[in-house]
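Engineer: Submitted below is the structure of interest, expressed as structure tokens.
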Amino acid sequence: MIVVDANMAVRAAIHGESSSAYLGRFERWHEEGTPVYAPAFWEAEVISAIRQYAYRKEITSPEAHEAVDVFFDLRVEVVPLDKDLCQRALDWAEAINHS
-19 MIVVDANMAV RAAIHGESSS AYLGRFERWH EEGTPVYAPA FWEAEVISAI
31 RQYAYRKEIT SPEAHEAVDV FFDLRVEVVP LDKDLCQRAL DWAEAINHS
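What follows is the structure in structure tokens.
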């Protein structure tokens, strides 16, 4: 099982020097049958980051739309947040002394 964050998806979705390496990771996980998950708010974070790239003129509007297409093609299962999951996240953060 792999849990990905928004940063990884953005790097895969926005065409650039590292995008093929990140896309390759997603492809390899799928070929190996490794489930890939992300938390429910993940989509909003990724779309917001893509928009920021466009706003700063680092990508064009058509490139932003293409990045959204690539993002949704990553085939990641989104896990909805619930009380139990949030409690476990707090426990993990405490266990590794994360802020």
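Quick note: the sequence shown, position 1, residue -19 per the numbering used here, numbers continuous.
Cβ coordinates follow ideal geometry from the N, Cα and C atoms, glycine included.
#1: Between Arg55, His45, Phe51, Ala(-11), which has its C-alpha nearest Gly13's C-alpha?
#2: Measure how close the beta-carbons of Arg57 and Val16 come, nearest whole angstrom, since I'm counting them as under 8 Å.
#3: Just list the residues that DSSP pairs Ala18 with in beta bridges.
#4: Quick check: does the Cβ of Val59 come within less than 7 Å of any heavy atom belonging to the ligand HEM?
#5: Please report the distance separating the alpha-carbon of Val(-17) from that of Ser79.
Structural biologist: Walking through what the data contain:
#1: Residue numbering aside, residue 13 sits at position 33 when the sequence shown is read from its first letter. Of Arg55, His45, Phe51, Ala(-11), the residue nearest in Cα terms is Arg55.
#2: Taking the first residue of the sequence shown as 1, we reach residue 57 at position 77. Taking the first residue of the sequence shown as 1, we reach residue 16 at position 36. Looking at the sequence itself, residue 57 is Glu, so the reference to Arg does not match. That pair is a contact at about 7 Å.
#3: Locating residue 18 in the sequence shown gives position 38, where the first residue counts as 1. Looking at the DSSP assignment, Ala18 forms a beta bridge with Val58.
#4: Of the ligands one can find in the structure shown there are none, so the ligand HEM has no counterpart to examine.
#5: Residue -17 sits at position 3 when you count from the first residue of the sequence shown. Residue 79 sits at position 99 when you count from the first residue of the sequence shown. C-alpha separation (whole angstroms): 19 Å.
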